[in-house]
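Chains as they are written, first to last, in the numbering used here: chain F, 436 to 552; chain C, 436 to 552.
Protein chains: 2
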Amino acid sequence: MSSELTLTPKQKSPNGQPCCEPVVYPDVERAQAERMAKIAKALGDPIRLTLIDVLRKHAGKVCVCELVPLFDVSQSTLSHHLKKLRDAGIVDSERQGLWAYYYVNPEELEELSAWLS
Amino acid sequence: MSSELTLTPKQKSPNGQPCCEPVVYPDVERAQAERMAKIAKALGDPIRLTLIDVLRKHAGKVCVCELVPLFDVSQSTLSHHLKKLRDAGIVDSERQGLWAYYYVNPEELEELSAWLS
DNA sequence: CAGTTCCATCGACACTTGTCAATTGATACG
DNA sequence: CGTATCAATTGACAAGTGTCGATGGAACTG
């Protein structure tokens with residue numbers, strides 16, 4: 436499970452004395468941190484990160500049947516990874532007859548990308 | 436477990452006919468994808484992402500006793516998250532007497548940050 | 001020395017993840 | 001119609017994750 440992020444106001448140490456200097460606060464809001472962590476989590480697997488790389492570089496839509504042979508995992512495993520990327524909103528897919536085409540939602544990566552720079 | 440990323444050369448479909456147009460290849464190398472996925476995974480939790488935010492904004496070194504009260508989790512849970520960040524190489528720590536100070540290794544975020552932009 | 005404080009580690013727990021083989025569902029083709 | 005193909009889903013399993021309370025170890029305080 437992903438951790439619950441509930442920021443609380445700064446408290447003193449139990450003995451009432453601050454152990455060290457100035458108070459630090461996060462600049463990111465709770466909701467923002469959760470959105471970005473969700474995206475980062477989805478990128479946190481080499482296969483999924485490479486999938487995103489392929490889809491981004493290709494610009495257009497890519498057929499799943501093109502993606503499967505790029506990796507040494509079963510078709511069902513790759514389908515599972517694509518679902519994770521879909522669930523995170525990073526990619527979308529489209530069926531055309533027998534084939535499924537995937538493409539990146541670049542906007543979904545922007546917030547994390549901006550925070551990281 | 437993180438998936439094994441072993442790219443294989445493009446194969447034809449079983450019936451010998453490609454199902455769709457042109458071959459796509461990842462631009463990221465296997466090792467690079469694994470490095471970046473490791474970083475992304477470490478950022479894939481709201482608490483850890485916020486910790487990085489705090490440490491980055493603060494520039495200097497931050498005492499753990501400053502970090503604990505910012506989150507609604509136990510001290511041991513926070514320590515666990517800090518360890519994950521240490522294991523990923525994103526942060527380092529330093530003991531000074533009773534206190535432990537954490538700081539960001541900005542270089543470790545660069546590769547992912549660059550790839551993402 | 002004895003007590004306290006900070007932080008890391010341990011043990012336990014429920015939940016999630018990555019993986020596969022097998023199945024299913026939809027579509028195309030002969 | 002029956003068969004073949006692509007991709008998603010299901011069920012299973014070992015491994016990993018996030019969480020806590022309790023314990024441990026180091027170092028300061030009196």
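Virtual Cβ for every residue (Gly too), placed ideally from N, Cα, C.
Start and end of the beta strand (DSSP E) containing residue i?
i, result
"Ser528/C", "526-531"
"Val539/F", "534-539"
Give me the residue from the options with the minimum Cα distance to residue i.
i, options, result
"Leu533/F", "Arg491/F, Thr512/F, Cys498/F, Leu547/F", "Cys498/F"
"Ser514/C", "Gln531/C, Leu486/C, Gln467/C, Glu469/C", "Leu486/C"
"Tyr538/F", "Leu551/F, Gln510/F, Arg491/F, Ser552/F", "Arg491/F"
"Ser548/C", "Glu501/F, Gln467/F, Leu484/F", "Leu484/F"
"Arg465/F", "Phe506/C, Thr512/C, Tyr536/C, Glu464/C", "Phe506/C"
"Ser552/F", "Arg530/C, Asp527/C, Asp488/C, Glu529/C", "Asp488/C"
"Glu545/C", "Gly495/C, Ala535/C, Gly524/C", "Gly524/C"
"Ile482/F", "Leu478/C, Arg470/C, Ile482/C, Ala477/C", "Arg470/C"
Which residues bound the alpha helix (DSSP H) around residue i?
i, result
"Lys473/C", "465-478"
"Asp522/C", "510-522"
"Ser552/C", "Where Ser552/C is concerned, there is no enclosing alpha helix (DSSP H), given that its DSSP letter is neither H nor E."
"Pro481/C", "481-493"
"Leu502/F", "499-502"
Under 9 Å Cβ-Cβ, which residues of chain F neighbour residue i?
i, result
"Pro541/C", "Neighbours of Pro541/C on chain F: none; closest Cβ ~10 Å, over 9 Å."
Can you tell me the Cα-Cα spacing of residue i and residue j, whole angstroms?
i, j, result
"Lys445/C", "Pro504/F", "With a pLDDT of 34 at Lys445/C, under the threshold of 50, the modelled position of that residue is not reliable, and the figure given next carries that caveat. Looking at the two C-alpha atoms, the distance is approximately 6 Å."
"Asp480/F", "Gln510/F", "17 Å"
"Ala475/F", "Gln531/C", "32 Å"
"Thr512/C", "Ala494/F", "41 Å"
"Glu529/C", "Val508/C", "22 Å"
"Val434/F", "Trp550/C", "No statement about residue 434/F is possible, as the shown extent of chain F runs from 436 to 552 and does not include it."
"Ala535/F", "Lys496/F", "9 Å"
"Pro541/F", "Leu478/C", "19 Å"
"His422/C", "Asp527/F", "This structure cannot speak to residue 422/C, because chain C is shown only from 436 to 552."
"Asp522/F", "Lys473/F", "10 Å"
"Ala468/C", "Leu520/C", "18 Å"
Taking residue i as the query, report the chain C residues whose CB atoms sit under 7 Å from its CB, ordered along the chain.
i, result
"Leu551/F", "Leu544, Leu547, Ser548, Leu551"
Could you name the residues of chain C that residue i contacts, counting a contact when the two beta carbons are closer than 9 Å?
i, result
"Lys476/F", "Ala475, Lys476, Leu478, Gly479, Asp480"
Determine the burial state of residue i: buried for a count of at least 16 other Cβ atoms within 10 Å of its Cβ, exposed for fewer.
i, result
"Lys518/F", "exposed"
"Glu543/C", "buried"
"Glu501/F", "buried"
"Gly451/F", "Low confidence applies to Gly451/F: its pLDDT is 38, below 50, so where it sits in the model is not reliable, and the reading given next is rough at best. With fewer than 16 Cβ atoms within 10 Å of its Cβ, Gly451/F is classed as exposed."
Determine the chain F residues that contact residue i at a beta-carbon separation under 7 Å, and present them in chain order.
i, result
"Ala523/C", "Near Ala523/C there are no residues of chain F at all, since even the closest Cβ is about 10 Å away, more than 7 Å."
In chain C, which residues lie less than 8 Å from residue i when you measure between Cβ atoms?
i, result
"Asp527/F", "Simply none; closest approach about 17 Å."
"Leu484/F", "Val463, Ala468, Met471, Ala472, Ala475"
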